[in-house]
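Working notes, beginning with the structure itself.
Chains as they are written, first to last, in full-length UniProt numbering: chain A, 1 to 128; chain B, 1 to 128.
Pasting the structure below:
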């Protein structure tokens, strides 16, 4: 298990949302994902591989987005990867903030990591 | 990758919360976890191994708890495991419902699975 998992998770989260929240940088996020094996679930839609994932990220229709991170939990995995669970709020354009959760599995690759699994959900419930 | 991953995730989620929401059954949840290697993050507190995890679950002070599951996202993992991300609401005693998210990594073991990673968070934010 990688003893640096907390630093790896913190650096990843900072870089990921910095890219996501900048309309130009978001177009360069392909390098976070593997060409063939990365899996994303985006609001229940499943996307496999870098190309499909980037098509999804490029198709999002907001003009502005801002993620505010509330908590980052991370755990070392037995293959040297890192499990990263993010809880936060996001604001798109002039909409009210929504709670979101996003889970990443980072997989070692060369000297760095790529996103093997990415699960994103906005918290919208039927009323209890 | 396990082609049954969706069925595995659905059966796991149903069984897990059925046990959790029953004060007697919750005491029998040790079999979900590995004695030495299971990792839990519970509201930021890290617990390693079945004994520590069960001590935590046994120390919870509510009289009644009910989870309501909004969404379950799952992905097959490359070692035959399953990533399971749960979004829902929970009610303890007479408190108002809170959004929670919980991520599991299920690892194959004999004919079944155990929980290798478990990350639980209630969504409480500072106001944006």
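All C-beta atoms, glycine included, are put in the ideal place defined by N, C-alpha and C.
Kindly say whether residue i, judged by its beta-carbon, lies nearer than 9 Å to any beta-carbon of chain B.
| i | result |
| --- | --- |
| residue 32 of chain A | no |
| residue 50 of chain A | no |
| residue 78 of chain A | yes |
| residue 46 of chain A | yes |
| residue 68 of chain A | yes |
| residue 115 of chain A | no |
| residue 13 of chain A | no |
| residue 106 of chain A | no |
| residue 61 of chain A | no |
| residue 126 of chain A | yes |
| residue 75 of chain A | yes |
| residue 18 of chain A | no |
| residue 92 of chain A | no |
Could you tell me the alpha carbon to alpha carbon distance between residue i and residue j, rounded to whole angstroms?
| i | j | result |
| --- | --- | --- |
| residue 40 of chain A | residue 29 of chain B | 30 Å |
| residue 93 of chain A | residue 67 of chain A | 12 Å |
| residue 7 of chain B | residue 102 of chain A | 22 Å |
| residue 157 of chain B | residue 95 of chain A | For residue 157 of chain B there is no data in the structure shown, the boundaries of chain B being 1 and 128. |
| residue 25 of chain A | residue 33 of chain A | 15 Å |
| residue 1 of chain B | residue 84 of chain A | 21 Å |
| residue 31 of chain A | residue 60 of chain B | 43 Å |
| residue 20 of chain A | residue 69 of chain A | 13 Å |
| residue 109 of chain B | residue 38 of chain B | 13 Å |
Beta-carbon separation of residue i and residue j under 9 Å?
| i | j | result |
| --- | --- | --- |
| residue 105 of chain B | residue 82 of chain B | yes |
| residue 58 of chain A | residue 27 of chain A | yes |
| residue 71 of chain A | residue 44 of chain B | yes |
| residue 123 of chain A | residue 123 of chain B | yes |
| residue 113 of chain A | residue 12 of chain A | yes |
| residue 87 of chain B | residue 97 of chain B | no |
Determine the burial state of residue i: buried for a count of at least 16 other Cβ atoms within 10 Å of its Cβ, exposed for fewer.
| i | result |
| --- | --- |
| residue 129 of chain B | Missing from the structure shown is residue 129 of chain B; chain B here goes from 1 to 128 and no further. |
| residue 99 of chain B | buried |
| residue 75 of chain A | buried |
| residue 51 of chain B | exposed |
| residue 22 of chain A | exposed |
| residue 4 of chain A | exposed |
| residue 107 of chain B | buried |
| residue 18 of chain A | exposed |
What is the DSSP secondary structure of residue i, counted as helix, strand or coil?
| i | result |
| --- | --- |
| residue 110 of chain B | coil |
| residue 38 of chain B | coil |
| residue 66 of chain B | strand |
| residue 116 of chain B | strand |
| residue 133 of chain A | Here chain A comprises residues numbered 1 to 128, so residue 133 of chain A is not present and cannot be evaluated. |
| residue 27 of chain A | coil |
Is there a C-beta anywhere in chain A that falls below 9 Å from the one on residue i?
| i | result |
| --- | --- |
| residue 119 of chain B | yes |
| residue 87 of chain B | yes |
| residue 9 of chain B | no |
| residue 71 of chain B | yes |
| residue 57 of chain B | no |
| residue 83 of chain B | yes |
Could you check if residue i belongs to the surroundings of the ligand SAH, using beta carbon to heavy atom distance under 8 Å?
| i | result |
| --- | --- |
| residue 88 of chain A | Among the components of this structure there are no ligands whatsoever, and the ligand SAH is therefore not found. |
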